[in-house]
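Visitor: Have a look at this one.
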Amino acid sequence: MKRLHLTWVAIAAIATLGGCTRIETGEVGLRINFDKTTDPTERLPGSFNQTVVGEIVTFKIQDVAVAVDNMTPLASDNSTIKDFDMTVVYNVNPSAVSELWTTKNKTFHGNTGEKNGDILLMQNYVALSARNAAYKVARGYESLKMADNRPLIEQQIRESIIKTLAEERLADKITVSQVQVRSILPADVIVNSANELVRAQNELKTKEVEVQTAKKEAERIAALNANAGAIGYMNAMANLKIAEGVAAGKVQTIVVPYDFKGIVNAK
249 MKRLHLTWVA
259 IAAIATLGGC
269 TRIETGEVGL
279 RINFDKTTDP
289 TERLPGSFNQ
299 TVVGEIVTFK
309 IQDVAVAVDN
319 MTPLASDNST
329 IKDFDMTVVY
339 NVNPSAVSEL
349 WTTKNKTFHG
359 NTGEKNGDIL
369 LMQNYVALSA
379 RNAAYKVARG
389 YESLKMADNR
399 PLIEQQIRES
409 IIKTLAEERL
419 ADKITVSQVQ
429 VRSILPADVI
439 VNSANELVRA
449 QNELKTKEVE
459 VQTAKKEAER
469 IAALNANAGA
479 IGYMNAMANL
489 KIAEGVAAGK
499 VQTIVVPYDF
509 KGIVNAK
């Protein structure tokens, strides 16, 4: 009889352990009772909770990443960004899990996409707030200057999300820790126009260099022509002086140039 009792105790223990859920690090659990009501007490990481009666729903609350992709915001130059992608990382206050789950619309929440995976509290809400913030912030930048201002854009988007959370009285429940803009692609027409502008500017610089080169060459030729006239004048004067010296008998020996054409009659 004693052995039978121990057997039943062992079976009960195994059944109890088999019907338990352990809350992992970075998660918080809530008990959904048999009557579908939610126990307001959060189950914290490390705790074991029986699921023989009712169930335990787990929520990932630490470093929840939200991908907000394929946005096409309008830039300050009225061009539409071809693609704007970013990731928002946020945390949920563990003590706010029960309130957020029971009072907020279920469409505000997401999930990990796995079978029996965690529920991501307020994921869809944060994604929508981030999308609105991105469209608002992008309006303050020209499309071709957004990439260079990426850190500032990330900061402004984060501040805008935090402001929205404060207005909705969620600032003490949700903390946005990071915004990372992963991709900013201007419209093709803007990129093509920019490339054409660069090409035209390069061609203009090339033509300016050609004009300056031609101008310098013209100045060089003019200078050579001017110098050539001066040299001819000096040669003529030298020949005249020699002729005058010979006529006056003052020159005994002279060196005759190979191209000497004759002595000018100085009389």
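Quick note: the sequence shown uses this note's numbering, first residue 249, plus one each step. Backbone N, C-alpha and C define an ideal beta-carbon position, used for all residues, glycine too. Quick caveat, the model's predicted, so the values are computed rather than measured.
(1) I'd like to confirm the pairing. Which residues does DSSP put opposite residue 426 in its beta bridges?
(2) With distances taken between CB atoms, is the gap from residue 277 to residue 312 smaller than 8 Å?
(3) DSSP three-state label for residue 402, please.
(4) Counting along the chain, where does the alpha helix (DSSP H) carrying residue 380 start and finish?
(5) With residue 564 as the anchor, note down where its beta strand (DSSP E) starts and where it stops.
(6) Between the C-alpha atoms of residue 492 and residue 464, what's the straight-line distance to the nearest angstrom?
(7) Let me check one thing: in DSSP terms, what residues is residue 306 bridge-paired to?
(8) Between 425, 355, 369, which lies nearest to residue 343 when the distance is taken from Cα to Cα?
(9) By DSSP, does residue 496 sit in helix, in strand, or in coil?
(10) Would you call the stretch 423-434 and the stretch 327-337 touching, i.e. three or more CB-CB distances under 8 Å?
(11) Can you list, in chain order, the residues of its chain with a C-beta nearer than 7 Å to that of residue 408? Leave out the 5 residues immediately preceding and following it.
(12) For residue 396, which of helix, strand or coil comes out of DSSP?
(13) What residue range does the beta strand (DSSP E) around residue 313 cover?
(14) Give every residue of the same chain whose Cβ lies closer than 8 Å to the Cβ of residue 378, excluding the five residues on either side of it in the sequence, and list them in chain order.
(15) Would you decide whether residue 363 is buried or exposed? Buried here means 16 or more other CB atoms lie within 10 Å of its CB.
(16) Under the rule that 16 or more other beta-carbon atoms within 10 Å means buried, what is residue 324, buried or exposed?
(17) Quick check on residue 258: does DSSP put it in helix, strand or coil?
(18) In three-state DSSP terms, what is residue 325?
(19) To the nearest angstrom, report how far apart residue 366 and residue 327 are at their CA atoms.
(20) Exposed or buried, residue 458, counting other C-beta atoms within 10 Å across all chains shown (16 or more means buried)?
Guide: Reading it off the structure:
(1) DSSP output for residue 426 lists 337 as bridge partner(s).
(2) Taking the C-beta atoms as reference points, residue 312 is found no nearer than 8 Å to residue 277.
(3) The three-state secondary structure of residue 402, taken from DSSP, is helix.
(4) Unbroken alpha helix (DSSP H) run through residue 380: 371-386.
(5) Residue 564 lies beyond the residue range present for the chain, which begins at 249 and ends at 515; the question has no answer from this structure.
(6) Between the alpha carbons of residue 492 and residue 464 lies a gap of roughly 42 Å.
(7) Answer by DSSP bridge pairing, in chain order: 277.
(8) Its Cα nearest to that of residue 343, the residue 369 stands out among 425, 355, 369.
(9) Per DSSP, reduced to three states, the secondary structure at residue 496 is coil, with no helix or strand assignment.
(10) Contact check between the stretch 423-434 and the stretch 327-337: three or more CB pairs, one atom from each, fall below 8 Å, which counts as touching.
(11) Cβ contact annotation for residue 408 (same chain, cutoff 7 Å, sequence separation greater than five): 381, 384, 385, in chain order.
(12) Residue state for residue 396 is assigned as helix, using DSSP reduced to three classes.
(13) Per DSSP, the continuous beta strand (DSSP E) segment holding residue 313 begins and ends at 312-319.
(14) If we look at residue 378 and ignore the five residues flanking it on each side, its Cβ neighbours are 314, 316, 334, 336, 405, 409, 427.
(15) So residue 363 counts as exposed.
(16) Under this definition residue 324 is an exposed residue.
(17) Unreliable placement is indicated for residue 258, whose pLDDT of 43 sits below 50; the coordinate value is still reported in the next sentence. In the structure shown, residue 258 sits in a helix (DSSP, three-state: H, G or I).
(18) Collapsing the DSSP output to three states places residue 325 in coil.
(19) For residue 366 and residue 327, the distance between alpha carbons rounds to 40 Å.
(20) It is exposed - the Cβ of residue 458 has fewer than 16 other Cβ atoms within 10 Å.
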